[in-house]
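Here is the structure we will look at, set down as structure tokens.
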Amino acid sequence: MAQIDSASNIEQPLTTADGVPLKVSLQRTLRRQKIVALSLVAPLFLFILFSFLFPIGDMLLRSIDNTIVPSELPQTTKLLQNWNEQSGELPNEAVYAALAADIKKGAKSKTINRTGKRLNYEYSGFSSLFRKSARRVQRLKADKVESYRKELIKIDKKWGNIKFWQVLKRESGIRTASYYLAAFDAETNEKGEAVFKPENERIYVNLFGRTLLLSFFITLMTVLLGYPIAFLLASLPTRISNLLMILVLLPFWTSLLVRTSSWIALLQKEGIINDFLVALNIIDSSNRLSLIHNSTGTVIAMTHILLPFMVLPLFSVMKTIPPDFMRAARSLGATPFTAFRRIYMPNTIPGIGAGGILVFILAIGYYITPALVGGTDGTFISNFIAYHISTSLNWGLAAALGALLLLLVLALYLLYDKIVGIDNMKLG
Amino acid sequence: MSKLLKQVLVIMVSLSWMSGIALAETTLVVVSWGGAYTASQQKAYHEPYMKANPDIKIVNDDSAAEGAAKLRAQSEAGNVTWDLVDVVAADAISLCDEGIVEEIDADKDLAAAPDGTPASKDFGNLIVTPCFIPQIVYSTTFGYRKDKVKTPPTSIADVFDLNKIPGKRSLEKKPIGNLEWALLADGVPVEKVYETLSTPEGIDRAFKKLDTIKSQVVWWTKGAQPPQLLADGEVVIASAYNGRLFNAIEVEKQPIGMMWDWQVFDLDGWVVPKGTKNKAAVMKYLKWATDTQRLADQAKFISYGPARASSAPKVGKHAELGIDMKPHMPTAPANSKHTLLFNYEWWADNRDDMDERFQAWLAN
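Residue numbers (numbering that gives the first Met the number 0), protein chains in the order written: chain A, 0 to 427; chain B, 0 to 363.
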């Protein structure tokens with residue numbers, strides 16, 4: 000009987016002890032596991048979403064946002080669409096009347112000056128133009144005005160300047176490209192074409208170039224300085240290397256500002272290094288070296304600050320290379336240098352790659368150290384982003400510069416992946 | 000048992016009563032510049048006010064350096080946590096334009112002078128925007144190393160004269176102020192400065208004048224830097240806030256001299272953020288803290304001039320050093336033979352352009 004039962008059971012679905020089909024039970028267990036796994040990940044996921052992805056998305060939107068102009072000047076921007084800005088003629092009376100009405104409304108709600116401030120980024124003079132107009136348009140009596148054009152030009156003759164109207168029409172949409180143009184040192188000319196600004200007004204392209212160049216140089220310096228240190232640490236007995244490791248980590252635990260300020264004390268004109276060189280008669284007291292408040296200062300201070308980020312990945316990779324490799328190479332007749340070049344060095348490439356990318360990406364976005372020791376030719380693009388966020392309050396331009404920096408880092412990351420391969424990276 | 004219950008009840012009731020008192024206390028968050036400046040406000044305004052009004056607690060927040068940006072962020076997020084913010088005049092104008100701060104009716108919201116002069120007259124043209132309540136007049140002027148210059152500088156032209164004053168000099172890394180000085184040093188009369196700057200040739204002229212000393216300039220960005228650069232001997236002459244120089248000379252006893260020629264006046268004062276949760280309490284505090292006596296009191300702790308005309312005669316001795324503060328005020332007659340007040344309207348229009356031009360000039 001028992002045999003027959005078990006035979007017929009094979010046809011039926013398998014069940015657990017309490018009669019639930021095994022498949023269902025298994026699914027249930029798996030689902031529960033998934034939920035547990037998800038809920039464990041959820042805090043991090045939500046954290047990244049709210050503290051990283053949303054703000055970046057918001058920043059990207061801000062760099063093209065221009066809603067303020069059409070929402071503050073709804074009638075004017077609508078009527079301006081029918082005006083040909085290349086005709087060389089001022090807009091017609093209806094546009095002026097609409098503008099007066101928009102300004103009046105905006106002056107009442109005290110929001111109109113924001114529009115002036117926004118447009119002033121495009122062309123100097125809008126700020127006072129709107130402030131003045133807002134004050135005086137309120138006093139115009141509708142029944143006594145013959146021509147709004149005449150009245151507005153009487154308030155400020157800038158309203159009779161076609162350039163202001165061209166800018167207003169160009170910036171009448173809810174999206175704008177002007178922040179990105181500015182970030183490329185370009186502007187729109189009278190014909191509506193994007194052209195580069197005159198030489199003496201260009202900043203950002205050079206600055207991006209300098210940021211890249213100095214960051215690359217800093218990365219190179221950390222490799223040159225970090226490699227021997229990591230090699231020493233990896234080849235010494237653990238007892239001693241742990242002790243030395245503390246020396247590498249000690250600056251890592253010190254406040255960034257303290258480290259940067261100590262470099263100022265060391266490198267300045269009347270600083271320790273210059274005093275020392277003068278005392279040794281290597282340099283003359285009147286020819287003290289300019290080691291700080293320039294790009295030299297930035298490179299020195301940042302190389303020091305970022306060095307641990309190079310040493311640690313290199314060390315952990317070098318630790319995994321068996322000493323037998325070198326011995327085998329030597330016993331097969333390689334000179335120490337050949338053995339190093341052909342055997343040891345290639346094995347440390349993943350460490351150099353990991354350290355390099357860490358240092359480079361950290362360097363490219365650095366701003367406190369360059370701000371303090373960089374002077375004029377040692378500042379980075381992030382110093383300007385910070386400047387536009389906190390001082391000029393031109394957040395649109397800051398967002399555009401930030402977005403370009405983000406793109407640049409992503410592009411370099413892809414390039415790195417193509418050349419070295421991201422799988423080739425090893426953090427430990 | 001019932002006795003214990005009674006005791007517990009009594010404790011609970013008294014606790015809730017005490018917390019009720021704690022709730023009745025209003026906390027005002029006042030944002031200022033930190034350091035000696037906040038300390039002077041603490042002693043002149045906050046402490047006496049809290050003593051007289053035990054229900055008000057004033058908390059300092061030292062983030063005025065990013066005040067405008069942070070205030071804008073709070074306003075955009077719809078969660079204003081600040082009650083009163085100390086800003087410079089240019090930022091007050093910009094915040095007022097954006098509608099982030101409240102407009103103030105000077106005669107209604109602020110105290111009149113002791114002789115009855117209404118506040119709007121007492122502050123005069125220092126109320127550069129309706130949202131701004133000026134507190135102090137500070138000046139950016141020059142300090143030089145007495146031991147390192149052969150002939151002490153006497154005029155702004157000397158700052159631009161590498162023959163008379165050889166060596167490095169320090170200026171603020173901003174076009175505002177420097178452009179005006181360049182033109183004044185180049186011989187433009189003061190009433191023509193902004194007129195000249197409004198033409199492309201005038202701007203070129205200012206930059207050309209700056210070109211003559213460019214290689215010898217160390218640019219500063221934070222107010223603490225120039226006195227330090229002077230003390231370290233990095234530079235022989237530097238533009239700096241007069242209060243910082245006062246501190247370096249009188250407190251730290253550095254061998255620094257003052258050169259007041261064409262000192263640039265700027266204003267610092269209060270703005271009330273729109274959306275503050277304690278508006279009534281803030282306005283009450285503001286009326287008191289900006290009256291004639293209070294503004295004069297602040298000058299006992301820091302060498303900045305009070306913004307009210309009626310406060311000037313009341314300025315006394317420094318509270319700790321015991322020095323008479325009157326000759327150290329930028330507004331003192333001996334110091335203010337040649338002074339410049341920014342044309343804020345012009346700068347509001349041209350600041351972005353000039354900043355860009357200046358940065359490009361620095362980089363090339």
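All C-beta atoms, glycine included, are put in the ideal place defined by N, C-alpha and C.
> Which word fits R350(B), buried or exposed, when buried means at least 16 other C-beta atoms lie within 10 angstroms of its C-beta?
Replying inline: The count along the second sequence starts at 1 and reaches residue 350(B) at position 351. It counts as buried.
> Can you list the residues of chain B that I388(A) reaches, using a CB-CB cut of under 7 Å?
Replying inline: For the purposes of this step, residue 388(A) is taken as the residue at position 389 of the first sequence. Simply A68.
>> Taking its Cβ as the centre, do 16 or more other Cβ atoms sit within 10 Å of E194(B), making it buried, or is it exposed?
In response: In the second sequence, the residue the question calls residue 194(B) occupies position 195. Result: exposed.
>> Quick check: what's the CA-CA separation for A68(B) versus T390(A)?
In response: Taking the second sequence and counting its residues from 1, the one referred to as residue 68(B) is at position 69. Taking the first sequence and counting its residues from 1, the one referred to as residue 390(A) is at position 391. Their Cα atoms are separated by approximately 7 Å.
> Going by other Cβ atoms of all chains shown within 10 Å of its Cβ, with 16 needed for buried, is Q358(B) buried or exposed?
Replying inline: For the purposes of this step, residue 358(B) is taken as the residue at position 359 of the second sequence. Q358(B) should be labelled buried.
> Cα separation between T334(A) and N346(A)?
Replying inline: Residue 334(A) sits at position 335 when you count from the first residue of the first sequence. Residue 346(A) sits at position 347 when you count from the first residue of the first sequence. So the alpha carbons of these two residues sit roughly 17 Å apart.
>> Pop quiz: L27(B) and L83(B) are said to be a contact at Cβ under 8 Å. What is the actual Cβ separation, rounded to whole angstroms?
In response: For this step, residue 27(B) is matched to residue 28 along the second sequence. For this step, residue 83(B) is matched to residue 84 along the second sequence. So it is a contact: roughly 7 Å between Cβ atoms.
>> Just to check my reading of the structure: I228(A) and V247(A) have Cβ atoms closer than 8 Å, yes? What is that Cβ distance to the nearest angstrom?
In response: Here residue 228(A) refers to the residue found at position 229 when the first sequence is read from its first residue. Here residue 247(A) refers to the residue found at position 248 when the first sequence is read from its first residue. The pair is a contact, with the Cβ atoms about 7 Å apart (cut-off 8 Å).
> Of all Cβ atoms in chain B, is any one closer than 8 Å to the Cβ of G377(A)?
Replying inline: Looking up residue 377(A) in the first sequence gives position 378. For G377(A), the answer is no, since every Cβ of chain B falls outside 8 Å of its Cβ.
> Rounded to the nearest angstrom, how far is the Cβ of P312(A) from that of P250(A), given a contact under 8 Å?
Replying inline: Here residue 312(A) refers to the residue found at position 313 of the first sequence. Here residue 250(A) refers to the residue found at position 251 of the first sequence. Actually they are not in contact, since the Cβ atoms of P312(A) and P250(A) sit about 17 Å apart, beyond 8 Å.
>> Check this for me: beta carbons of V136(B) and L229(B), under 8 Å apart or not?
In response: On the second sequence, position 137 is the one that residue 136(B) refers to. On the second sequence, position 230 is the one that residue 229(B) refers to. It is not a contact, given that the beta carbons lie outside the stated cut-off.
> Taking Cβ to Cβ, would you say M257(B) is nearer than 8 Å to T330(B)?
Replying inline: By one-based count along the second sequence, residue 257(B) stands at place 258. By one-based count along the second sequence, residue 330(B) stands at place 331. Not closer than 8 Å, so no.
>> Is E186(A) close to chain B? Criterion is C-beta to C-beta, closer than 8 Å.
In response: For the purposes of this step, residue 186(A) is identified with residue 187 of the first sequence, where counting begins at 1. Taking Cβ atoms only, chain B never reaches closer than 8 Å to E186(A), which makes this a no.
> Should M58(A) and A398(A) be called a contact, given that it needs their Cβ atoms to be closer than 8 Å?
Replying inline: Sequence index remark: in the first sequence, residue 58(A) carries index 59 (1-based). Sequence index remark: in the first sequence, residue 398(A) carries index 399 (1-based). Yes, Cβ-Cβ distance for M58(A) and A398(A) is below 8 Å.
>> Can you give me the C-alpha to C-alpha distance between L361(B) and T375(A), rounded to a whole angstrom?
In response: Within the second sequence, residue 361(B) is the residue found at index 362, counting from 1. Within the first sequence, residue 375(A) is the residue found at index 376, counting from 1. So the alpha carbons of these two residues sit roughly 6 Å apart.
> Counting Cβ pairs closer than 8 Å, one from the segment 316-327 of chain A and one from the segment 223-241 of chain A, do we hit at least three?
Replying inline: yes
> Using a C-beta cutoff of 8 Å, does Q137(A) count as contacting chain B?
Replying inline: Numbered from its first residue, the first sequence carries residue 137(A) at position 138. Q137(A) does not count as touching chain B.
> Whose CA, out of I126(B), I92(B), G98(B), lies closest to the CA of E75(B)?
Replying inline: One-based indexing of the second sequence puts residue 75(B) at position 76. Checked all of I126(B), I92(B), G98(B); the closest Cα to E75(B) is G98(B).
> In its own chain, which residues sit with a C-beta less than 7 Å from the C-beta of I155(B), not counting the 5 before and 5 after it?
Replying inline: To locate residue 155(B), count along the second sequence from 1; it is residue 156. Excluding residues within five positions, the ones whose Cβ falls inside 7 Å are W180, L183, A184, D260, W261.
> Three-state secondary structure (DSSP) at Q137(A)?
Replying inline: As a working mapping, residue 137(A) is identified with position 138 in the first sequence. If DSSP states are grouped into helix, strand and coil, Q137(A) belongs with coil.
> Name the DSSP beta bridge partners of T187(A), please?
Replying inline: One-based indexing of the first sequence puts residue 187(A) at position 188. According to DSSP, which records beta bridges pairwise, T187(A) is partnered with A193(A).
>> Am I right that I236(B) and L161(B) are in contact with their C-beta atoms under 8 Å? What's the rounded C-beta distance?
In response: Against the second sequence, residue 236(B) aligns to sequence position 237. Against the second sequence, residue 161(B) aligns to sequence position 162. Wrong, their Cβ atoms sit about 11 Å apart, outside the cutoff.
>> Considering only DSSP beta bridges, list what E171(B) is partnered with.
In response: Numbered from 1 along the second sequence, position 172 holds the residue referred to as residue 171(B). E171(B) is bridged to W219(B).
> Thinking just about the alpha-carbon of each residue, which of S238(B), L125(B), Q6(B) is nearest to the one in R168(B)?
Replying inline: As a first step, residue 168(B) is located in the second sequence; it is residue number 169 there, counting from the start. Considering only alpha carbons, the answer is S238(B).
> Alpha carbon to alpha carbon, how far is A21(B) from A279(B)?
Replying inline: Along the second sequence, read from residue 1 onward, the residue named residue 21(B) stands at position 22. Along the second sequence, read from residue 1 onward, the residue named residue 279(B) stands at position 280. The predicted position of A21(B) is uncertain, since its pLDDT is 49 and thus under 50; no value can be drawn from it.
>> Measuring only the C-alpha atoms, how far is T291(B) from L339(B)?
In response: As a first step, residue 291(B) must be located in the second sequence, where it is residue number 292. As a first step, residue 339(B) must be located in the second sequence, where it is residue number 340. The alpha-carbon atoms of T291(B) and L339(B) are separated by roughly 24 Å.
>> Is there a Cβ of chain A sitting closer than 8 Å to that of D354(B), yes or no?
In response: Counted from its first residue, the second sequence places residue 354(B) at position 355. So, interface residue.
>> Run through chain B and tell me which residues come within less than 7 Å of H292(A), C-beta to C-beta.
In response: Position 293 of the first sequence, counted from the first residue, corresponds to residue 292(A). Under the 7 Å cutoff, chain B gives V217.
> Which ranges does the beta strand (DSSP E) cover as unbroken runs of at least 3 residues, wholly within the segment 87-141 of chain B, from first to last along the chain?
Replying inline: none
>> With distance defined between alpha-carbon atoms, name the residue in I152(A), P90(A), N188(A), N112(A) nearest to V68(A).
In response: For this step, residue 68(A) is matched to residue 69 along the first sequence. Ranking I152(A), P90(A), N188(A), N112(A) by Cα distance to V68(A) puts N112(A) first.
> Along the chain, where does the alpha helix (DSSP H) that runs through N363(B) open and close?
Replying inline: The residue given as residue 363(B) occupies position 364 in the second sequence. Element bounds for N363(B): n/a, residue is neither H nor E.
>> If you measure between the beta carbons of G222(B) and I301(B), is that distance less than 8 Å?
In response: The residue given as residue 222(B) occupies position 223 in the second sequence. The residue given as residue 301(B) occupies position 302 in the second sequence. No, the pair does not count as a contact, with Cβ atoms beyond the cut-off.
> Along chain A, which residues have their Cβ under 8 Å away from the Cβ of S93(B)?
Replying inline: Within the second sequence, numbered from 1, the residue matching residue 93(B) stands at position 94. Per Cβ cutoff of 8 Å: K116, L392.
> Thinking C-alpha only, which one of W81(B), G274(B), A105(B), G315(B) is nearest R293(B)?
Replying inline: One-based indexing of the second sequence puts residue 293(B) at position 294. Nearest C-alpha to R293(B): G315(B).
>> Within a Cβ cutoff of 7 Å, which residues of the same chain sit near T14(A), ignoring the five residues on either side of it in sequence?
In response: Counting from 1 along the first sequence, the entry for residue 14(A) is found at position 15. Excluding sequence neighbours, T14(A) sits near P20, L21.
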